[in-house]
Amino acid sequence: MSLDPDMLPAQVSADSSQPAPSPQPIDAAYQSASTGAQDVWFFMADADSQDRPSDEAVADIIAADNARQSTLAFHLFKKPKSTRIRCTLCLREKNEWRTWLNRIGGISRPMREHLSKEHPTTYNQKCSEQGQAAEPEHTPAGPSSNPPNPPPQPTPKPQTPRRESPQHIPPGPAPSAVPSTPGPPSSSHHVHAAYPQPPYPRPRHHTPWEPDRRKTALEFAQEAVDVVSRPRQSETIEELRAELEQVKAQRDHELNARRLLEQELYRMREAARARDEELIKVSQLISASLQALVGGPVSAPGAPPPVMPVQATHSHPHPHPPVAYPYPYPYPYPYNPS
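Here the numbering used here is used: the first residue of the sequence shown is 44, the next is one more, and so on.
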């Protein structure tokens, strides 16, 4: 792709006038917004474990939370640096030990949703005292003195052109047709002046509040440790014990059936071997009695039968009886009377 030489000076000046974009603008904005969420960190504290401590320790923890919230300024509350983050309102109002895993990056959104849903009165009162507005989409509906504002009417959106497949995208204008003075840059991405925008609309799920990121290996390992270290209920342990006993009983039944089958097979083999021995004895007795009737030598019972000598049936070497041959014997080819 070749560029017009007349475009280079204007392009360099346009690039120098625009500020350089940050390497990760979405993640940086999301992390800074989460770090500065004092309305969330005011009600959160450090927690070393997800297991609830003893009652004496809980009383000391509640007293320490109250002292910290009453003495420390609101703008000085920051994100805790411990392994887990604990909700102070759950422990003080509901006597529940509620913690979250302190992940890397912005994690204030689920905690703000928890405060708006579980502790709306205390959370909204503190936000109004500090001049901050709570999240309206997560605040539960309830009786209020001020009437709710009517929802804004949706403005009609222009019809977007039909998105075509990549192989049918029409070619963009030539570099010479692009004006030398670049227009205002986009709000989310910096578009170069020499390259036109694509004809299809940008996806809507790329918003600065929902970064497109995957879980790291450290997060997967921490979740696995949490699952393993989670205490089991007594009912679950009893069910596992009952299931183990059932499996053991089934295994013993199968072993007993296999042992009985092997014994039956051994008995059948022994019976077949005894029957073969009886047949051999009977055949020997029959052969001995036949030899006694014929007049031959009588062998002792149980001894193998004597081998009888083979007698020649014809004295002539040829199997057929001698006849008057037209040729002198031996004839040169085999005799065939037919």
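The beta-carbon is built from N, C-alpha and C at its ideal position, and this holds for glycine as well.
Check: Expressed to the nearest angstrom, what Euclidean distance is found between the alpha-carbon atoms of Leu304 and Asp319?
Finding: Rounded to the nearest angstrom, the gap between the Cα atoms of Leu304 and Asp319 is 23 Å.
Span of the beta strand (DSSP E) around Ile128: Segment Arg127 to Cys130, the beta strand (DSSP E) holding Ile128.
* Asked: In this structure, what does DSSP give as the bridge partners for Met87?
  -> In the DSSP output, where bridge partners are listed per residue, Met87 has Cys130.
Review point. What number of angstroms, rounded off, separates the C-alpha of Val290 from the C-alpha of Thr279?
Key: Answer to the nearest angstrom: the Cα atoms are 17 Å apart.
Touch check for the region 152-163 and the region 82-90: three-plus C-beta pairs under 8 Å?
-> Verdict: yes, contact present.
Margin query: Which residue marks the beginning of the alpha helix (DSSP H) containing Leu144, and which one marks its end?
Written below: Residue range Thr142 to Leu144 is occupied by the beta strand (DSSP E) that includes Leu144, with no alpha helix (DSSP H) assigned at that position.
With a threshold of 16 other CB atoms inside 10 Å of the CB of Tyr166, please say whether the residue is buried or exposed. For Tyr166, the number of other beta carbons within 10 angstroms of its own is at least 16, and it is reported as buried.
What three-state label does DSSP hand Gln334 in the structure shown? Helix, per DSSP.
Q: Please classify Glu136: does DSSP put it in a helix, a strand, or coil?
A: Three-state DSSP puts Glu136 in a helix.
(Q) Taking the alpha carbon of Ala116 as the reference point, which residue from Arg312, Lys324, Lys169 and Gln306 has its own alpha carbon closest? (A) Considering only alpha carbons, the answer is Lys169.
Rounded separation between Val270 and Ile128 - CA only:
Taking the straight line from one Cα to the other gives about 17 Å.
message: Rounded to the nearest angstrom, what separates Ile104 and Lys137 at their Cα positions?
response: C-alpha of Ile104 to C-alpha of Lys137: approximately 14 Å in a straight line.
Roughly how many angstroms lie between the CA atoms of Ile150 and Ala300, to the nearest whole one? Taking the straight line joining both Cα atoms gives about 59 Å.
Shortest alpha-carbon distance to Ala264 belongs to which of Leu144, Glu139 and Ala106?
The option with the nearest alpha carbon to Ala264 is Leu144.
Query raised in the report: Helix, strand or coil for His118 per DSSP?
Result: Reduced to three states, the DSSP call for His118 is helix.
Cutting at 6 Å between CB atoms, please list the residues of its own chain near Ala80, excluding the five before and the five after it. Listed in chain order, the non-local C-beta contacts of Ala80 below 6 Å within the same chain comprise Ser151, local neighbours out to five positions each way being set aside.
TODO: For His162, count neighbouring C-beta atoms within 10 Å of its own C-beta (all shown protein chains included) and say buried if the count is 16 or more, exposed if not.
DONE: Buried: at least 16 other Cβ atoms inside 10 Å.
- Message: Suppose the cutoff is 8 Å on Cβ atoms and the five residues either side in sequence are ignored; what does the same chain contact list for Ser75 look like?
- Response: With a pLDDT of only 47 at Ser75, under the threshold of 50, the placement of this residue in the model should not be trusted, and no figure is reported.
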